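The block underneath contains the structure these notes are about, expressed in structure tokens.
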Amino acid sequence: MHCLEQTLAADLNQRRSDHLYRKRNQHAGPQTPELKLNGQTLLAFCSNDYLGLANHPQLVNAAKKACGEYGLGSGASHLVVGHTDIHHELEHALAQVTQRPRALLFSSGYMANLGVINGLLDRRDAIYQDRLNHASLLDGGLLSAAKFQRYRHNDLDDLERQLNKTTARRHLVATDAVFSMDGDTAPLKSLSQLCNIQQSWLMIDDAHGFGVLGKQGGGSALAQGLTTQDCPIYMATLGKALGSYGAFVAGSDALIESLIQFSRTYIYTTAIPPSIAAASLAGLKLLKDEAWRQQHLTELITLFKQQANALKLPLMPSDTAIQPIMVGSSAVALQLSEALKEMGLLVTAIRPPTVPKGTARLRITLSAAHTQSHIQKLLQALTQLQQQGLLTLVEGE
Ligand SMILES: *Cc1c(COP(=O)(O)O)cnc(C)c1O
859 MHCLEQTLAA
869 DLNQRRSDHL
879 YRKRNQHAGP
889 QTPELKLNGQ
899 TLLAFCSNDY
909 LGLANHPQLV
919 NAAKKACGEY
929 GLGSGASHLV
939 VGHTDIHHEL
949 EHALAQVTQR
959 PRALLFSSGY
969 MANLGVINGL
979 LDRRDAIYQD
989 RLNHASLLDG
999 GLLSAAKFQR
1009 YRHNDLDDLE
1019 RQLNKTTARR
1029 HLVATDAVFS
1039 MDGDTAPLKS
1049 LSQLCNIQQS
1059 WLMIDDAHGF
1069 GVLGKQGGGS
1079 ALAQGLTTQD
1089 CPIYMATLGK
1099 ALGSYGAFVA
1109 GSDALIESLI
1119 QFSRTYIYTT
1129 AIPPSIAAAS
1139 LAGLKLLKDE
1149 AWRQQHLTEL
1159 ITLFKQQANA
1169 LKLPLMPSDT
1179 AIQPIMVGSS
1189 AVALQLSEAL
1199 KEMGLLVTAI
1209 RPPTVPKGTA
1219 RLRITLSAAH
1229 TQSHIQKLLQ
1239 ALTQLQQQGL
1249 LTLVEGE
């Protein structure tokens, strides 16, 4: 047997030579468009802080206040003694804003997705997923005993063919509502109609829609007019547009009670700190009180798309805050990200296995914390890369 160091070094070297090696961008200070990295200040277009709430004084103060009253750690799981008044109040508020009967807090979105799929399905069942779903949904499918099938991206004919053949007891269809690396949206209305005909359960992961889309940021289901009946399982996270941390599932009383009984990632983990729940509550209040944030973000998206299209930049079909530029080759995507860094901009190169082979891209994300002049700076830098002939689709891994 080879020693650990030698074996791992071989894998790491392979990853380096494939241009897939990951490095962390260490920065000091809060999540804002201007990040301090190694003494350099960079204008960042990569966070999921879509409304600019991650450093909002009302969130920070709510957390501080809750710390004063509740201390820091929750000290236990929800089913033992970790479930405080603040967690409970947050669940009520989440049910209200998503217009669902009930909501249940999870400690992260990753855990919520694993927990829903594994809590509701067993070996008699089947799960159908869009092939571009987030890793946490896909992993939930892989870990479950249910039969796991993927359908082509947003291809309802492909899904229907697969559902027609199913003999499973329960069939769950799960999709990102806004695709995390592409920024496009799922056709939720048609999906819910198909699921209704097939008697399948529809689950949507709205990590990138909640807070941003729909009435008062209530999310993609509201934006596309889906009731609890149309979409019985609604999941979203609190660490993106809401500026906080954690996640939740919203739906009927039977769904929530079942998750409390059977969802292992709900049962066997420590509840998030009460201060974090308090910050999420403050974030929810701001969805209403500072509705200009959604408005401003929408304006920035329109501005960016108009100008990028005028420059003939290779945008992807997205109307959301996620505006990726398709590159193709991982090596070139890295090179572009490095070039942008030298111009004072931080845009991450997203590469396989996060996205399919040959579809590396620059994932640009916009936030209400950006200004119009930030967008102009980004466009100027991209124009410069384009003039150097670097922004064209390049084949490769
Ligand atoms: C970020 C994300 C998750 C995971 O949420 P966390 O709270 O960060 O664990 C799940 N699904 C999608 C689509 C995401 O983008």
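Here the sequence shown is numbered in my numbering, starting from 859 and rising by one per residue. All C-beta atoms in this analysis are idealised placements derived from N, C-alpha and C, irrespective of residue type, glycine included. These numbers come from a predicted model, not from an experiment.
Residue from the options whose Cα sits closest to the Cα of residue i
i, options, result
"residue 894", "1122, 1248, 1203, 1227", "1203"
"residue 1186", "1208, 1165, 955, 1179", "1208"
"residue 1000", "979, 1019, 1013", "979"
"residue 992", "920, 1008, 983", "1008"
"residue 887", "1169, 1118, 897", "897"
"residue 878", "1191, 1101, 1162", "1191"
"residue 1029", "874, 1005, 1070, 1019", "1005"
"residue 1104", "1039, 1114, 1065, 885", "1065"
"residue 1114", "962, 1157, 1228", "962"
"residue 955", "990, 937, 1093", "1093"
"residue 909", "1049, 1119, 1229, 941", "1229"
"residue 1070", "1144, 1248, 1245", "1144"
"residue 1073", "1142, 1059, 1026, 1226", "1142"
"residue 1037", "1021, 990, 881", "990"
"residue 1158", "1214, 1226, 868", "1226"
"residue 1024", "982, 995, 1060", "982"
"residue 1171", "876, 1112, 1248, 1095", "1248"
"residue 986", "892, 1032, 974", "1032"
"residue 1232", "881, 867, 876, 891", "891"
"residue 998", "1026, 969, 1022, 1021", "969"
"residue 1075", "1244, 951, 874", "951"
"residue 1109", "1067, 1047, 984, 1060", "1060"
"residue 1244", "1173, 899, 1026", "1173"
"residue 957", "880, 1068, 1123", "1068"
Exposure label - residue i; buried when at least 16 CB within 10 Å
i, result
"residue 1167", "exposed"
"residue 1121", "buried"
"residue 1062", "buried"
"residue 949", "buried"
"residue 972", "buried"
"residue 939", "exposed"
"residue 945", "buried"
"residue 871", "exposed"
"residue 1010", "exposed"
"residue 1012", "buried"
"residue 921", "buried"
"residue 1132", "buried"
"residue 1234", "exposed"
"residue 915", "exposed"
"residue 1002", "buried"
"residue 988", "buried"
"residue 854", "As shown, the chain starts at 859 and ends at 1255. That puts residue 854 outside it, with no answer to give."
"residue 1034", "buried"
"residue 966", "buried"
"residue 799", "Absent from the model: residue 799. The displayed extent of the chain is 859 to 1255, so no value can be given."
"residue 1169", "exposed"
"residue 1246", "exposed"
"residue 1250", "exposed"
"residue 942", "buried"
"residue 995", "buried"
"residue 1182", "buried"
"residue 1050", "buried"
"residue 1188", "buried"
"residue 1095", "buried"
"residue 867", "exposed"
"residue 1087", "exposed"
"residue 880", "exposed"
"residue 1112", "exposed"
Give the list of continuous beta strand (DSSP E) stretches no shorter than 3 residues that lie fully inside the segment 983-1047. 984-988, 1005-1009, 1029-1034
Would you check if the segment 1148-1156 and the segment 1120-1138 touch, i.e. whether three or more CB-CB distances between them fall below 8 Å? no
At which residue ranges does the segment 1051-1088 contain complete beta strand (DSSP E) runs of 3 or more residues, listed in the order of the chain? 1059-1063
Minimum length 4: unbroken alpha helix (DSSP H) runs contained in the segment 1170-1203: 1188-1200
Which ranges would you report for the beta strand (DSSP E) in the segment 888-951 if only whole runs of at least 3 residues count? 892-895, 898-902
Tell me the start and end of each unbroken beta strand (DSSP E) in the segment 1083-1130 that is at least 3 residues and wholly inside, in chain order. 1091-1095, 1105-1109
Do the segment 894-912 and the segment 1219-1228 meet, that is, are 3 or more Cβ pairs less than 8 Å apart? yes
Does the contact criterion of 3 or more C-beta pairs under 8 Å hold for the segment 1069-1083 versus the segment 919-938? no
Taking three-plus beta-carbon pairs below 8 Å as touching, is the segment 1173-1190 in contact with the segment 1040-1048? yes
Sufficient close CB pairs (3 or more, under 8 Å) joining the segment 1208-1217 to the segment 1133-1143: no
Inspect the CB distances between the segment 1050-1058 and the segment 1095-1109 and report whether three or more fall short of 8 Å. no
Quick check: the segment 1192-1202 against the segment 1231-1243, are at least 3 beta-carbon pairs closer than 8 Å? yes
Specify whether the segment 1151-1170 and the segment 1015-1032 touch according to this definition: at least 3 beta carbon pairs, one from each stretch, less than 8 Å apart. no
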